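For reference, the structure discussed in these notes is given below.
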Amino acid sequence: MVAVIVNHFNKDILPSGYLGVDMFFVISGFVITSSLAGRSSQNFGDFLAGFYVRRIKRIIPPLVLFVVLTGALLCLFNPGPGESMRTGVSALFGVSNLYLLKGSTDYFAVAAEINVFTHTWSLGVEEQFYLLFPLLLWWAGVGRVTASRPVRLMWVTGALSLVSLASFIYLYQVSQPTAYFSMPTRFWELAVGSMLFVSMKEFGPHFRLLQTVPAYLLAISLLAVLFTPFQFAVPATVAVVMLTALLIARLGLPNDALGIFTQKWVVNIGLISYSLYLWHWAVLSLSRWTIGVHWWTVPFQVAAMLLLAIASYRYVETPLRRSEWSPLRWRSITYGVSATVCAAGIMTGIFLVRGWLYTGENYMGASLQQENLIEGTSVDQTNCMLAPGNSFTESSFEACHLTARDGKPTIFFVGSSHAMHLAGLGQGLHERGFGVAFMTTQGHNFYPEGGADPETFGFKSTQDRAIFSILESHAVRGSVVVVGNRYFQDGYEKEFVGSYFEGLNAFARRFERKGVTVVHILPLPEFQFHDINQCAHQWFNAGMRRAGICLPKDPLTRLRQSKDVEARSPRSENFLQYDPVKVLCPSGMAECYPVNPTSKLPTFRNGDHLSNYGASLLVDDFIEFIGRHGLLPP
Numbered sequence: 003m004v005a006v007i008v009n010h011f012n013k014d015i016l017p018s019g020y021l022g023v024d025m026f027f028v029i030s031g032f033v034i035t036s037s038l039a040g041r042s043s044q045n046f047g048d049f050l051a052g053f054y055v056r057r058i059k060r061i062i063p064p065l066v067l068f069v070v071l072t073g074a075l076l077c078l079f080n081p082g083p084g085e086s087m088r089t090g091v092s093a094l095f096g097v098s099n100l101y102l103l104k105g106s107t108d109y110f111a112v113a114a115e116i117n118v119f120t121h122t123w124s125l126g127v128e129e130q131f132y133l134l135f136p137l138l139l140w141w142a143g144v145g146r147v148t149a150s151r152p153v154r155l156m157w158v159t160g161a162l163s164l165v166s167l168a169s170f171i172y173l174y175q176v177s178q179p180t181a182y183f184s185m186p187t188r189f190w191e192l193a194v195g196s197m198l199f200v201s202m203k204e205f206g207p208h209f210r211l212l213q214t215v216p217a218y219l220l221a222i223s224l225l226a227v228l229f230t231p232f233q234f235a236v237p238a239t240v241a242v243v244m245l246t247a248l249l250i251a252r253l254g255l256p257n258d259a260l261g262i263f264t265q266k267w268v269v270n271i272g273l274i275s276y277s278l279y280l281w282h283w284a285v286l287s288l289s290r291w292t293i294g295v296h297w298w299t300v301p302f303q304v305a306a307m308l309l310l311a312i313a314s315y316r317y318v319e320t321p322l323r324r325s326e327w328s329p330l331r332w333r334s335i336t337y338g339v340s341a342t343v344c345a346a347g348i349m350t351g352i353f354l355v356r357g358w359l360y361t362g363e364n365y366m367g368a369s370l371q372q373e374n375l376i377e378g379t380s381v382d383q384t385n386c387m388l389a390p391g392n393s394f395t396e397s398s399f400e401a402c403h404l405t406a407r408d409g410k411p412t413i414f415f416v417g418s419s420h421a422m423h424l425a426g427l428g429q430g431l432h433e434r435g436f437g438v439a440f441m442t443t444q445g446h447n448f449y450p451e452g453g454a455d456p457e458t459f460g461f462k463s464t465q466d467r468a469i470f471s472i473l474e475s476h477a478v479r480g481s482v483v484v485v486g487n488r489y490f491q492d493g494y495e496k497e498f499v500g501s502y503f504e505g506l507n508a509f510a511r512r513f514e515r516k517g518v519t520v521v522h523i524l525p526l527p528e529f530q531f532h533d534i535n536q537c538a539h540q541w542f543n544a545g546m547r548r549a550g551i552c553l554p555k556d557p558l559t560r561l562r563q564s565k566d567v568e569a570r571s572p573r574s575e576n577f578l579q580y581d582p583v584k585v586l587c588p589s590g591m592a593e594c595y596p597v598n599p600t601s602k603l604p605t606f607r608n609g610d611h612l613s614n615y616g617a618s619l620l621v622d623d624f625i626e627f628i629g630r631h632g633l634l635p636p
């Protein structure tokens, strides 16, 4: 539990601390099996009813309190809490892991950190495991009045675990969210704990060999794995599971180090671990919407976690778990289900009145919902940023083209969404009489690819060939072609070497003969925030504006890549480099913010795309830029 919290505070301190959840899965499998094996039931119905009543009384009351209270608190600071609220409702029914999986959530991304219910995925895995595993235990003879040796449980669970482990290893490479969030790929971790209990009960004497291994050595090895870099996640997960199982087995034998694990503070953390797991994430996530997570906030945040967890354990979890809800088990189950449904209804009500609850100013309102749009025209993201596989035609070009006035040139914007996010610049240019046209492709850089002959070039995609054909037809002397691509995205930086610059050189030379200028947009800063409201000026988040997520990810990387682009770019007379950073970050990259300090309006709408307002700030500078290079009419 402590490892998980440390990792959630700062991933750099304990890179693999998140594996504390995997340790918990092993412990949970062990404890659940020991609990069921220690209770004898007359029939299958009695066995299941007793198990589910105990699980409901243990899980539901603290969860209902946590979800409803956290949902209400979130709406005070987040004007768009829909994703979090839906995750919370899913958590009430034990399926938040499936909801997060459906959205292909990256558990390690900023978007997951500001979802106050992301961490409930592990509860979903456990609750789904609880639906399956009691059936397997009863079939194997565990929990029956009649004596049995559940060795066949070992064989079946072992086989299922091997399939689960193989699926986890494979899917982690091809679909990390599936490997991370789904119960089948986590089954093996819970099953290891279960098989350990059965093995210790059936083959106890064989485990005495572990007495030769010092318990502290296993504990140190386990701790060492938690410092493993993230890129070794799969072997680290397997190692943590196996070391946890060995440590549990070792602690079940005469052990000099057992005193450490029976210290009062260790026992108390174990007692409140469920409530602490629920509340620690809420404190951190709500902090990321408000004061941020800094070295000076840590004592207050730890204190809040402990106070909430202790209160939940003492006044909700313990009394409701120990009390008899009803002499009839089916009624107890009904009460638990009813409480869950009522909580979901309350969450829906909170969401419906979220506008009244929100205490700040919503920068994700109409201004940012109308992004990538030139108002009053058909130039918008729907028409002018096609999905991969679709190509521009003459008719689609006409919908994305606004004609020039007063002899001004036409500016053609081509590239990925990092060309389309210049719509605010396009609108300002058109208001000054310039013609503008947007031809962009979602998630795809405009990529002229060079060949052996420097005078020739081609394109990787049909979309780029179609855009080039339209440019050939419509770009006349005096026109400007603006190329906007993304430079930071994983893998994209590899494109901006070799054949790309050879192709770009030939592309520019081809248009030089026509009197058309090519302008390359240099890399923009990128940020880690998921919602601009995290960085906007609010009464409750003054500390956030200097938090890491509201500053550029890596100013030096942006600078190096800009210099690399400039160094590799063609030297044609008609090729220019435009750097928007001097307008967007006048105080320098290290102090660059995604919100304009004067107007208090967002210049970025997400971590790597400009808002219309941010792009509009470039209008005067861009006109001065092209005028300085002789591209304006007399």
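Numbering (my numbering), first residue to last: 3 to 636.
Just so it is clear, CB atoms sit at the ideal spot from N, CA and C, and this is done for glycine as well.
Given the structure is predicted, the values throughout are model-derived calculations rather than measurements.
DSSP three-state label for residue i, please.
i: Met387; result: strand
i: Tyr580; result: strand
i: Asp382; result: strand
i: Ile523; result: strand
i: Ala439; result: strand
i: Thr187; result: coil
i: Leu404; result: strand
i: Thr559; result: helix
i: Pro604; result: strand
i: Ile15; result: coil
i: Val484; result: strand
i: Ser369; result: Residue placement at Ser369 cannot be trusted, given a pLDDT of 47 that sits under 50; what the coordinates show is reported in the next sentence. Helix.
i: Leu133; result: helix
i: Leu375; result: strand
i: Val597; result: strand
i: Phe205; result: coil
i: Leu473; result: helix
i: Val4; result: helix
i: Tyr172; result: helix
i: Ile551; result: helix
i: Gly409; result: coil
Residue i: buried (16+ other C-beta within 10 angstroms of its C-beta) or exposed?
i: Cys386; result: buried
i: Leu228; result: buried
i: Leu620; result: buried
i: Gly629; result: exposed
i: Phe448; result: buried
i: Ser328; result: exposed
i: His10; result: buried
i: Pro237; result: exposed
i: Val478; result: exposed
i: Thr600; result: exposed
Using DSSP's beta-bridge definition, name the partner residues of residue i.
i: Glu451; result: Gly460
i: Phe415; result: Phe440 and Val484
i: Val285; result: Looking at the DSSP assignment, Val285 forms no beta bridge with any residue, so it has no partner.
Starting from residue i, trace the alpha helix (DSSP H) both ways and give me its first and last residue.
i: Val91; result: Gly84 to Leu94
i: Arg331; result: Arg331 to Leu354
i: Arg324; result: Thr320 to Arg324
i: Gly22; result: Gly22 to Ala39
i: Pro301; result: Val300 to Ser314
i: Lys104; result: Ser98 to Lys104
i: Ala226; result: Ala217 to Val227
i: Phe624; result: Val621 to Arg630
i: Met244; result: Ala235 to Leu253
i: Gly426; result: Ala425 to Glu433
Kindly indicate the opening and closing residues of the beta strand (DSSP E) around residue i.
i: Ile61; result: Ile61 -> not in any beta strand (DSSP E); alpha helix (DSSP H) instead, spanning Phe46 to Phe79.
i: Gly609; result: Element bounds for Gly609: n/a, residue is neither H nor E.
Looking at the C-beta of residue i, does it have a partner C-beta in chain B at a distance below 9 angstroms?
i: Asp556; result: Within the model displayed, chain B is absent; a lone protein chain is all it includes.
Taking 8 angstroms as the threshold, find out whether the region 82-99 comes into contact with the region 504-521 through three or more Cβ pairs.
With a cut-off of 8 angstroms, the region 504-521 and the region 82-99 do not count as touching, because too few Cβ pairs lie within range.
Could you say if the region 432-451 and the region 401-409 meet the contact criterion of at least three C-beta pairs nearer than 8 angstroms?
Remark: three or more beta-carbon pairs, one from each stretch, lie closer than 8 angstroms, so the region 432-451 and the region 401-409 are flagged as touching.
Per the contact definition of three or more C-beta pairs closer than 8 angstroms, is the region 303-313 in contact with the region 280-295?
Yes: at least three Cβ pairs fall under 8 angstroms.
Would you call the region 178-185 in contact with the region 15-27, where contact means no fewer than 3 C-beta pairs closer than 8 angstroms?
No: the two stretches stay apart, fewer than three of their Cβ pairs being nearer than 8 angstroms.
How about the region 459-479 and the region 512-521: do they share at least three Cβ pairs that are nearer than 8 angstroms?
When Cβ pairs closer than 8 angstroms are counted between the two stretches, the region 459-479 is seen to touch the region 512-521, the count reaching three or more.
Per the contact definition of three or more C-beta pairs closer than 8 angstroms, is the region 119-139 in contact with the region 22-33?
Contact between the region 22-33 and the region 119-139 is present, because at least three Cβ pairs lie under 8 angstroms.
Using 8 angstroms as the cut-off, can you tell me whether the region 189-202 makes contact with the region 161-177, which would need three or more C-beta pairs spanning the two stretches below that distance?
With a cut-off of 8 angstroms, the region 161-177 and the region 189-202 count as touching, because enough Cβ pairs lie within range.
Check whether the region 68-88 and the region 288-299 are in contact - that is, three or more C-beta pairs closer than 8 angstroms.
Short answer: they touch.
Inspect the CB distances between the region 57-71 and the region 337-351 and report whether three or more fall short of 8 angstroms.
Taking 8 angstroms as the limit for Cβ pairs, the verdict is that the region 337-351 does touch the region 57-71.
So, do the region 602-618 and the region 379-393 have three or more beta carbon pairs nearer to each other than 8 angstroms?
Using a Cβ-Cβ distance cut-off of 8 angstroms, the region 602-618 and the region 379-393 are not in contact, since fewer than three pairs of beta carbons, one from each stretch, lie closer than that value.
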